[in-house]
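Notes follow the structure.
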Amino acid sequence: MNSLLLLLWDEFKGFAKSKIMIALWIGLPILSIIMHFLQPATGDFPISLLTGIFVASVGGLLAAVILSSTMVNELGANVYDLYLIRPVKRWQIIVSKYIAVMISLIIAVFLSFAAGLIVDSIRGMVPTGIFLRFVLDSIIMAIASMSIACAAGLFLGLVIKSVALAVILSIYLGQQLSLVAILPGVLSPSIDPLWFSIGVGIAATVVILAAGIFVYQKKQF
Amino acid sequence: MIKEKSEPVIEFLNVSKNYKEIEALKEASFSISKGDIFGYIGPNGAGKSTTLKILVGLIRNHTGEVKINGFTHKENPNVNRLIGYLPQDVGFQEWRTVDHALVTFGLLSGMVREDLNNRIPEVLELVGLQDARKRKIKHLSGGMKQKLKLAQAILHNPPILVLDEPLSGLDPTSRWQLKNTIKSLSQTDVSILFSSHILEDVEGIATDIGIINHGQIVKVGNPQELRDELTGGNVVNIVGINLAKKADIVRDLKFVQEVNTDPDDPNTLSIVLIPELNLDDCLLQLMDFFSSNEIVLSNFNYVRPTLEQVYLKYVMEGDSA
Chain D
0 MNSLLLLLWD EFKGFAKSKI MIALWIGLPI LSIIMHFLQP ATGDFPISLL
50 TGIFVASVGG LLAAVILSST MVNELGANVY DLYLIRPVKR WQIIVSKYIA
100 VMISLIIAVF LSFAAGLIVD SIRGMVPTGI FLRFVLDSII MAIASMSIAC
150 AAGLFLGLVI KSVALAVILS IYLGQQLSLV AILPGVLSPS IDPLWFSIGV
200 GIAATVVILA AGIFVYQKKQ F
Chain B
0 MIKEKSEPVI EFLNVSKNYK EIEALKEASF SISKGDIFGY IGPNGAGKST
50 TLKILVGLIR NHTGEVKING FTHKENPNVN RLIGYLPQDV GFQEWRTVDH
100 ALVTFGLLSG MVREDLNNRI PEVLELVGLQ DARKRKIKHL SGGMKQKLKL
150 AQAILHNPPI LVLDEPLSGL DPTSRWQLKN TIKSLSQTDV SILFSSHILE
200 DVEGIATDIG IINHGQIVKV GNPQELRDEL TGGNVVNIVG INLAKKADIV
250 RDLKFVQEVN TDPDDPNTLS IVLIPELNLD DCLLQLMDFF SSNEIVLSNF
300 NYVRPTLEQV YLKYVMEGDS A
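Structure representation (structure tokens):
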């Protein structure tokens with residue numbers, strides 16, 4: 000099996016088994032539904048909108064923190080030495096970790112969305128037509144911004160040696176950078192917010208990951 | 000017995016490595032042949048791990064040349080498949096079970112699932128971890144993790160093993176078992192380079208020894224050569240009444256290189272035998288000489304210099320330089 004696919008599958012299994020991902024997949028959708036009922040101002044909103052965006056934004060931040068702290072810990076413990084002495088490339092380690100987290104997050108977002116849809120259908124408020132499109136667009140934009148946050152978290156994990164510092168910076172920078180994908184599209188009427196966020200999300204993610212790979216390639220053991 | 004050397008499988012030629020101003024390795028050279036166990040000893044921070052990391056390709060920007068089976072890492076990136084590496088400071092992703100970790104490392108090394116299913120129990124039995132196969136790594140003791148490190152190194156049956164402090168953190172029984180495992184692997188023609196800062200670890204199993212200090216390999220040789228070099232030959236200490244008076248006639252014996260007396264003790268003689276001659280024959284002739292000349296000895300002691308003396312000599316020489 001290709002090393003990248005093997006690493007990706009392995010990392011995904013690792014994240015899937017971790018308590019944090021279980022919390023993300025089960026805990027956050029439940030929390031977002033509870034929050035919906037606790038917040039009367041959103042009473043007329045479909046729950047699926049709230050749950051999807053809530054999980055994407057909170058989950059993105061959480062994933063950035065997980066990625067940065069995992070990288071700091073695993074690099075500090077020289078975990079990857081055992082991979083790199085085998086036919087594994089450094090970039091494969093980084094890319095597999097990033098993709099595994101993104102897959103876990105996207106699953107979390109769609110689980111929440113599905114949970115929200117179930118509650119919406121019970122309430123007879125299933126979003127349709129333009130409203131459904133709005134819900135899905137918002138979720139995609141949130142995924143684009145969390146992609147940047149995750150890449151930033153990974154990059155910080157590669158360049159910082161302290162877990163605490165990496166976590167603090169990934170919360171702060173992750174939040175700031177993820178806005179880059181959303182704000183211009185929301186604020187400027189001449190920009191299509193969906194395509195802008197997708198384009199910027201992909202471009203920024205690629206640039207940050209490439210910078211991370213460059214740093215890791217130069218790393219001395 | 001010193002066996003005849005075959006073609007080297009590892010060649011380390013004038014390799015240097017600097018970390019900014021620190022010279023971690025200076026013009027290091029040695030070679031290891033098939034089935035050899037090369038004990039690489041030196042104090043902490045001497046450059047042992049740097050050497051090993053260069054050898055397995057983890058450190059790439061160095062000068063000099065490292066060849067494995069005649070190829071450098073650049074010439075043939077697949078040479079790493081020939082190596083099993085046990086790093087000194089390495090952790091595992093602790094959410095994995097022992098079995099899962101070995102499956103991953105095996106697949107990454109190019110093994111197929113069917114082979115792994117047969118090989119993993121074999122390897123776990125060899126390192127004494129057969130009962131821990133389904134256990135999560137985070138629940139293993141330090142010694143068990145060390146055994147797991149060895150298991151992943153030998154999993155894909157590599158012809159070369161590079162072991163960085165393999166015996167550290169092990170209890171005496173496990174140390175003994177692991178030394179036996181290393182010995183038995185070398186008997187199957189696996190070439191082994193293993194580092195330690197504890198001489199006892201390499202004594203008795205290393206066919207060759209390299210001593211490194213301050214990034215410089217100060218001595219390479221087989222254990223007997225190193226001992227001989229320290230003493231300049233085999234030494235016999237004898238005790239008997241007024242032996243100092245017999246020093247001249249002992250000195251005339253054809254297999255004796257040198258006789259030393261102790262000015263404070265007329266009853267002792269230290270006899271250095273000619274190193275090129277067969278030791279057993281020399282000792283027999285020496286005993287014959289004393290009995291035929293009716294010289295009564297109260298003590299006859301063949302002095303075998305320890306590797307520790309050799310090690311200390313080279314390391315302390317380097318420290319005082």
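Chains as they are written, first to last, in numbering that gives the first Met the number 0: chain D, 0 to 220; chain B, 0 to 320. The beta-carbon is built from N, C-alpha and C at its ideal position, and this holds for glycine as well.
Please state if the CB of residue j and the CB of residue i are separated by a distance shorter than 9 Å.
i	j	result
L177/B	P158/B	no
Q151/B	G168/B	no
V164/D	Q91/D	According to the sequence as given, residue 164/D is Leu; it is not Val. No, they are not a contact pair.
L81/D	L153/D	no
D163/B	S140/B	no
T267/B	L285/B	no
G59/D	M145/D	yes
R80/B	H72/B	no
E64/B	S32/B	no
G38/B	I204/B	yes
L176/D	A148/D	yes
A27/B	G56/B	no
A180/D	A210/D	no
T305/B	E228/B	no
L85/B	L154/B	no
G109/B	R118/B	no
F91/B	V78/B	no
I29/D	A107/D	no
N72/D	V162/D	yes
Which partner residues of residue i appear in the DSSP bridge assignment?
i	result
I31/B	I9/B
F37/B	L192/B, D207/B
L101/B	Paired residue(s): none; L101/B is not in a bridge.
K218/B	I210/B
Y18/B	I21/B
N236/B	S269/B, N300/B
Indicate the three-state DSSP secondary structure (helix, strand or coil) for residue i in the structure shown.
i	result
D170/B	coil
T305/B	coil
I117/D	helix
A23/B	strand
M0/B	With a pLDDT of only 45 at M0/B, under the threshold of 50, the placement of this residue in the model should not be trusted, and no figure is reported.
Q92/B	coil
V87/D	coil
Y82/D	helix
E199/B	helix
Q175/D	helix
Q129/B	helix
L198/D	Here residue 198/D is Gly; the residue named in the question, Leu, does not match the sequence. It is helical.
L139/B	coil
V161/B	strand
I67/B	strand
V205/D	helix
F254/B	coil
I82/B	strand
K244/B	helix
T69/D	helix
T180/B	helix
N1/D	coil
V111/B	coil
T187/B	coil
N333/B	In this structure chain B extends from 0 to 320, so residue 333/B is not present and cannot be described.
Which whole-angstrom value describes the C-beta separation of residue i and residue j, a residue pair presumed to lie in contact below a C-beta threshold of 8 Å?
i	j	result
V89/B	K135/B	Actually they do not touch by this definition, with Cβ atoms about 17 Å apart.
L24/B	S15/B	6 Å
D35/B	S269/B	Actually they do not touch by this definition, with Cβ atoms about 34 Å apart.
F299/B	I237/B	5 Å
R132/B	L125/B	The Cβ separation is near 13 Å, so there is no contact.
S169/D	S67/D	4 Å
A246/B	V258/B	5 Å
G239/B	I294/B	6 Å
G156/D	M70/D	3 Å
S87/D	L6/D	Correcting the residue identity first, residue 87/D is Val in this sequence and not Ser. Yes, V87/D and L6/D are in contact; Cβ-Cβ is about 7 Å, under 8 Å.
T96/B	D9/D	Contact flag wrong, Cβ pair sits at about 12 Å.
I19/D	L61/D	7 Å
Sequence ranges, alpha helix (DSSP H) only - wholly within the region 90-147 of chain D, length at least 4 | Fully enclosed alpha helix (DSSP H) runs of 4 or longer: not present.
What are the residues of the region 141-157 of chain B that lie near chain C, defined by any Cβ-Cβ distance shorter than 7 Å?
-> Of the protein chains in this structure, namely D and B, none is chain C.
Length at least 4, wholly inside the region 261-305 of chain B: the alpha helix (DSSP H) runs in chain order = Runs found: 278-291.
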